[in-house]
Amino acid sequence: MSSEAPAKPSKRRRIVKTIAAVLALGLVGVFIWLVGWIFPIGTGISAKTVCSDVFVAGRSPEGLLEQEVPKAFFVGYEVDEAQHSVTASAFGFAGKTAVYRPGLGCTLALGVEPETLRSQGFEPANAALPAGTAPWPEGDGKDERPDPAGLDRPALEAAIAELFVEEGELPLHTRAVVVVQDGRLLAERYAPGFDADTPQLGWSMSKSVTSALVGVLVGRGEVDIDQPIGFAEWSGAGDPRAALTWDQLLRMSSGLAFNEDYGLRSDVTVMLFDY
542 MSSEAPAKPS
552 KRRRIVKTIA
562 AVLALGLVGV
572 FIWLVGWIFP
582 IGTGISAKTV
592 CSDVFVAGRS
602 PEGLLEQEVP
612 KAFFVGYEVD
622 EAQHSVTASA
632 FGFAGKTAVY
642 RPGLGCTLAL
652 GVEPETLRSQ
662 GFEPANAALP
672 AGTAPWPEGD
682 GKDERPDPAG
692 LDRPALEAAI
702 AELFVEEGEL
712 PLHTRAVVVV
722 QDGRLLAERY
732 APGFDADTPQ
742 LGWSMSKSVT
752 SALVGVLVGR
762 GEVDIDQPIG
772 FAEWSGAGDP
782 RAALTWDQLL
792 RMSSGLAFNE
802 DYGLRSDVTV
812 MLFDY
């Protein structure tokens, strides 16, 4: 038998092993980053969006993500018609479930079980909607009055039609166009699958509606915007947020640490989809 010691690994082999180890650690880090930070946002927005489109707007679930959240190409979802819920996951990770409840719409089950959400009762107010033959906004009838002076009807219709033409690099995805002047509905047009009664995601437009509704309550004497808003979650001993008023929150001047950035993971996306 030879008494020679086994040869040591070459320097090149050690370098290759080191590079492989670094790459492996990098891949593990990227995986942890995706699963812990990015996937939860993608699955949250997907579950909530599909749930609202299916159970609130009454749209077909097929192809919704491609239309509504094209960047969430890595997310799959299942619609449970019986339970009125949508569950989304990314390759089996970061599962999120959104639950539909009448009068409340769809809610992500964050920190709470879906069954708990379903058990929370709510009786929607049955507000009477305008009806009859009167023109908008008093009713839903056709406005038979002549057009306002100076209105170029063909030019208006042509301008509206252009908003539904998909010919540029960036898609428009126009769903509806409504033209109102001096309280009169002059024109409206909708994309296929949408009409005047289709609920749509309002985003920041909803803030204007909320502010107007608060104004109604102020006019009735039911809300004083200079008083603290009284959130139970902010009412703990020593919590400075307990002093925040309706006015400060409505004007977004509360001083709360918040960055309205819309990156992959930001204060906004975490608040909405992964709180």
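At position 90 of the sequence shown (counting the first as 1) the number is 631 in this note's numbering, and the numbers step up by one without a gap. We put the beta carbon where it would ideally sit given N, CA and C, even for glycine. All of these numbers come straight from a predicted model, not from anything done at the bench.
Straight-line CA distance for Thr662 to Leu645?
-> By one-based count along the sequence shown, residue 662 stands at place 121. By one-based count along the sequence shown, residue 645 stands at place 104. Checking the sequence shown, residue 662 turns out to be Gly, not Thr. Approximately 10 Å between the Cα atoms of the pair.
Which value, in whole angstroms, describes the spacing of the CA atoms of Ile766 and Gly779?
-> Position 225 of the sequence shown, counted from the start, is the residue given in the question as residue 766. Position 238 of the sequence shown, counted from the start, is the residue given in the question as residue 779. C-alpha separation (whole angstroms): 22 Å.
Check whether the Cβ atoms of Leu649 and Gly585 sit closer than 8 Å, and answer yes or no.
-> Position 108 of the sequence shown, counted from the first residue, corresponds to residue 649. Position 44 of the sequence shown, counted from the first residue, corresponds to residue 585. Cβ atoms of Leu649 and Gly585: closer than 8 Å.
In the DSSP assignment, what residue or residues form a beta bridge with Val718?
-> Locating residue 718 in the sequence shown gives position 177, where the first residue counts as 1. The partner list for Val718 (beta bridge, DSSP) reads Arg730.
Identify, in the order they occur along the chain, each residue of the same chain with its Cβ nearer than 8 Å to the Cβ of Asp688, setting aside the five sequence neighbours on each side.
-> Position 147 of the sequence shown, counted from the first residue, corresponds to residue 688. Arg694, Leu727.
Among all the DSSP beta bridges, which residues are the ones paired with Ala639?
-> Taking the first residue of the sequence shown as 1, we reach residue 639 at position 98. Answer by DSSP bridge pairing, in chain order: Val627, Leu649.
Please list, in chain order, all residues of the same chain as Asp808 whose beta carbon is under 6 Å from its beta carbon, the five residues on each side excluded.
-> Reading the sequence shown from its first residue, position 267 is the one you call residue 808. Hits under 6 Å: Phe799, Asn800.
Strand pairing of Tyr803, partner residues [DSSP] | The count along the sequence shown starts at 1 and reaches residue 803 at position 262. Bridge partners of Tyr803: none, in fact.
Rounded separation between Thr810 and Gln741 - CA only = One-based indexing of the sequence shown puts residue 810 at position 269. One-based indexing of the sequence shown puts residue 741 at position 200. Straight-line Cα distance between these residues: approximately 19 Å.
Go ahead and label Ala631 buried or exposed: buried means 16 or more other beta carbons lie within 10 angstroms of its beta carbon, across all protein chains shown.
-> If you number the sequence shown from 1, residue 631 lands on position 90. Ala631 comes out buried.
Since Gly680 sits in a beta bridge, which residues does DSSP pair it with?
-> For the purposes of this step, residue 680 is taken as the residue at position 139 of the sequence shown. For Gly680, which the question treats as bridged, DSSP gives no partner whatsoever.
If I'm right that Val721 touches Ile701 with Cβ under 8 Å, what's the distance once you round it to whole angstroms?
-> Taking the sequence shown and counting its residues from 1, one reaches residue 721 at position 180. Taking the sequence shown and counting its residues from 1, one reaches residue 701 at position 160. Incorrect: roughly 13 Å between the Cβ atoms, too far for contact.
Any 3 or more C-beta pairs closer than 8 Å across the stretch 587-601 and the stretch 620-630 | yes
Element boundaries [beta strand (DSSP E), containing Glu654] | Residue mapping note: residue 654 aligns to position 113 of the sequence shown, counting from 1. No beta strand (DSSP E) holds Glu654; DSSP gives it neither H nor E.
If you draw a straight line from the alpha carbon of Ser593 to that of Cys647, how long is it in whole angstroms?
-> Position 52 of the sequence shown, counted from the start, is the residue given in the question as residue 593. Position 106 of the sequence shown, counted from the start, is the residue given in the question as residue 647. So the two alpha carbons sit approximately 6 Å from each other.
Using beta-carbon positions only, say whether Val595 and Pro602 come within less than 8 Å of one another.
-> The count along the sequence shown starts at 1 and reaches residue 595 at position 54. The count along the sequence shown starts at 1 and reaches residue 602 at position 61. Yes, the pair counts as a contact, with Cβ atoms nearer than the cut-off.
Residues of its chain near Val653, where Cβ-Cβ distance is below 7 Å and the 5 sequence neighbours each way are ignored = Here residue 653 is taken as the residue at index 112 of the sequence shown, counted from 1. Closer than 7 Å at Cβ, skipping near neighbours: no residue.
Going by the beta-carbon positions, is the gap between Arg806 and Ile579 smaller than 8 Å?
-> Along the sequence shown, one-based indexing puts residue 806 at 265. Along the sequence shown, one-based indexing puts residue 579 at 38. Going by C-beta atoms, Arg806 is nearer than 8 Å to Ile579.
Any idea if Asp815 is buried or exposed, counting beta-carbon neighbours within 10 angstroms, 16 or more meaning buried?
-> What you label residue 815 is simply residue 274 of the sequence shown in a count that begins at 1. It is buried - the Cβ of Asp815 has at least 16 other Cβ atoms within 10 Å.
Which value, in whole angstroms, describes the spacing of the CA atoms of Ser776 and Gln768?
-> In the sequence shown, residue 776 corresponds to position 235, counting from 1. In the sequence shown, residue 768 corresponds to position 227, counting from 1. Going from the Cα of Ser776 to the Cα of Gln768 covers about 14 Å.
Since Gly617 is in the beta strand (DSSP E), which residue starts that stretch and which ends it?
-> The sequence position of residue 617 within the sequence shown is 76, counting from 1. Element bounds for Gly617: 617-621.
Helix, strand or coil: which one does DSSP assign to Phe634?
-> Locating residue 634 in the sequence shown gives position 93, counting from the first residue. Reduced to three states, the DSSP call for Phe634 is strand.
Have a look at Ala737, Leu651, Ser747, Ala690 and flag the residue whose alpha-carbon is nearest the alpha-carbon of Met812.
-> If you number the sequence shown from 1, residue 812 lands on position 271. When only C-alpha atoms are compared, the closest one is Leu651.
Where Pro769 sits in the DSSP three-state scheme = Counted from its first residue, the sequence shown places residue 769 at position 228. Pro769 falls in the strand class under three-state DSSP.
Using DSSP with H/G/I as helix, E/B as strand and the rest coil, what is Arg725?
-> For this step, residue 725 is matched to residue 184 along the sequence shown. Strand at Arg725.
Is it true that the CB of Gly680 sits closer than 8 Å to the CB of Gly673?
-> The residue you call residue 673 lines up with position 132 of the sequence shown. The residue you call residue 680 lines up with position 139 of the sequence shown. Their beta carbons are under 8 Å apart, which means Gly673 touches Gly680 by this criterion.
Ala635 classed as buried or exposed, judged by whether at least 16 other C-beta atoms fall within 10 angstroms | On the sequence shown, residue 635 is found 94 positions in, with the first residue counted as 1. With 16 or more other Cβ atoms within 10 Å, it is buried.
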